[in-house]
Amino acid sequence: MPELPESDAARRRIADHCLHRTIAGFDLGEVTHVQLPSEAERERLVGTQFSQTRRHGKYIFAGTSDGPWLHIHLGMSGSLRVYDEGETPPDYARLIVIFEGTRRLAFRDPRKFGRVKLIEDVDAFIAAKGLGPDAMKMGDNAFAQAIGSTKTAVKSALLDQSKMAGVGNLWSDEALYRCGIMPDTRGTDLDGKAVAHLHRAVQDIMGHVMAKNADYSQLPADWLIHHRKDGADCPRCGGTITKKKVGGRTAYHCPDHQTHAG
DNA sequence: TGATATGTTTTACT
DNA sequence: CAGTAAAACATATC
């Protein structure tokens, strides 16, 4: 479930359970189209340890103390799982990092849209990707500039990783739902107050999901995430949850309390 | 069986 | 350049 909060929960698993352990080797899943580190790149990591982690938007990085970084993107369906030798390895494991002792880190990816690769410099990588600022660290002015000054649908702007990094389909819907903004409202049609409200909603929602370690069952019952189905009752106003395409993505929303005025 | 899916990238067109 | 749209990637699930 990989947007910014889910990616951060995955990063934290590395930070909490996999640092300062010597890498002994790797296990590869079946040969697939998933982009994984080459044998030479894996060899570079053997004998080293991860000593730090970073995240920018949906991109996760695990750094060796004085060498390359392992970069992980979870794609559409990827996840990370930490376990110990002797436990059942997870399904769809494409790459398993074997640490000395029993600790293991598995990169799972059922739909194979994720990527793992070795990079030398995180900031250079972010710049080369053209990623905007991390959505959780973005200031008011930068957010207002990115969202309020574009004619694009506000939902599409939120999803544009070059405007800001980390917001995906689920949490963009959640933020617009909370703010009462119709997903296809043009950015330029929102007033300053609505843009500021949306900024708070994006950061509050994703911050909350991170605080709950991306466990959706711990999120409030009236959040859209629990009612994301065409025809469901809107828990906030009694309307009917409806879906429509906005910018090529499915936008779940409540047409009764989400309007073009915000 | 067919529709749909949490993401990114590329290509084409306006 | 800004924006839109669609397709492709490979597979699972409803």
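All letters in the first sequence, in the order written, are residues 1221 to 1482 by the numbering used here. Every residue gets a Cβ at the ideal spot worked out from N, C-alpha and C, and that includes glycine.
How many Å lie between residue i and residue j at the Cα?
i: serine 1437; j: histidine 1240; result: 32 Å
i: arginine 1448; j: valine 1251; result: 35 Å
i: leucine 1224; j: serine 1297; result: 13 Å
i: tryptophan 1391; j: threonine 1408; result: 21 Å
i: leucine 1439; j: serine 1382; result: 28 Å
i: leucine 1351; j: methionine 1384; result: 7 Å
i: glutamine 1365; j: glutamine 1272; result: 32 Å
i: valine 1302; j: valine 1254; result: 20 Å
i: lysine 1375; j: aspartate 1393; result: 7 Å
i: histidine 1480; j: leucine 1410; result: 8 Å
i: isoleucine 1316; j: asparagine 1389; result: 29 Å
i: alanine 1355; j: isoleucine 1461; result: 26 Å
i: alanine 1244; j: histidine 1473; result: 48 Å
i: glutamine 1269; j: glutamate 1261; result: 14 Å
i: glutamate 1259; j: threonine 1242; result: 18 Å
i: leucine 1379; j: arginine 1398; result: 17 Å
i: serine 1446; j: lysine 1432; result: The sequence shown places histidine at residue 1446, rather than the serine named in the question. Going by the C-alpha atoms only, they are around 15 Å apart.
i: histidine 1276; j: glycine 1334; result: 16 Å
i: arginine 1323; j: glycine 1306; result: 10 Å
i: cysteine 1238; j: proline 1353; result: 27 Å
i: threonine 1370; j: aspartate 1304; result: 49 Å
Evaluate residue i with the Cβ neighbour count: other Cβ atoms within 10 Å of its Cβ, from every protein chain shown; 16 or more gives buried, anything less gives exposed.
i: cysteine 1457; result: exposed
i: lysine 1413; result: exposed
i: alanine 1441; result: exposed
i: aspartate 1435; result: exposed
i: serine 1285; result: exposed
i: valine 1266; result: exposed
i: arginine 1331; result: exposed
i: lysine 1278; result: buried
i: serine 1227; result: buried
i: alanine 1347; result: exposed
i: glycine 1368; result: buried
i: alanine 1395; result: buried
i: glycine 1283; result: buried
i: glycine 1321; result: exposed
i: glycine 1386; result: buried
i: glycine 1249; result: buried
i: proline 1400; result: Position check: residue 1400 holds glycine in this sequence, whereas proline was assumed. It is buried - the Cβ of glycine 1400 has at least 16 other Cβ atoms within 10 Å.
So residue i and residue j are in contact, right, with Cβ under 8 Å, and what is the actual spacing, rounded?
i: isoleucine 1318; j: aspartate 1247; result: 6 Å
i: aspartate 1424; j: cysteine 1454; result: Incorrect: roughly 20 Å between the Cβ atoms, too far for contact.
i: proline 1222; j: lysine 1337; result: Not quite, the Cβ-Cβ distance comes to about 16 Å (not below 8 Å), so this is no contact.
i: arginine 1233; j: leucine 1300; result: 5 Å
i: phenylalanine 1229; j: methionine 1430; result: Residue 1229 is actually alanine in this sequence, not phenylalanine. At roughly 7 Å, the Cβ-Cβ gap stays under 8 Å, so alanine 1229 and methionine 1430 are in contact.
Handout entry: Segment contact, 8 Å Cβ cut-off, at least three pairs: the stretch 1310-1327 with the stretch 1407-1425
Key = no
Problem - Runs of alpha helix (DSSP H) lying entirely within the stretch 1233-1272, each at least 4 residues, in chain order - result: Annotation: the stretch 1233-1272 contains the following complete segments of the alpha helix (DSSP H) (minimum length 4 residues), in chain order: 1259-1265.
Exercise for the section: Report yes or no: do the stretch 1400-1407 and the stretch 1460-1475 share at least 3 C-beta pairs separated by less than 8 Å? Expected result: Contact between the stretch 1400-1407 and the stretch 1460-1475 is present, because at least three Cβ pairs lie under 8 Å.
Handout entry: Complete alpha helix (DSSP H) runs within the stretch 1334-1375 (minimum length 4 residues, chain order)
Key = Fully enclosed alpha helix (DSSP H) runs of 4 or longer: 1342-1349, 1360-1368.
Handout entry: Three or more C-beta pairs below 8 Å linking the stretch 1316-1330 and the stretch 1356-1364
Key = no
Problem - Three CB pairs or more closer than 8 Å across the stretch 1338-1346 and the stretch 1283-1294 - result: Three or more Cβ pairs closer than 8 Å define a contact, and the stretch 1338-1346 meets that threshold against the stretch 1283-1294.
Problem - Any alpha helix (DSSP H) of 4 or more consecutive residues that is wholly inside the stretch 1383-1456 - result: 1389-1399, 1412-1431
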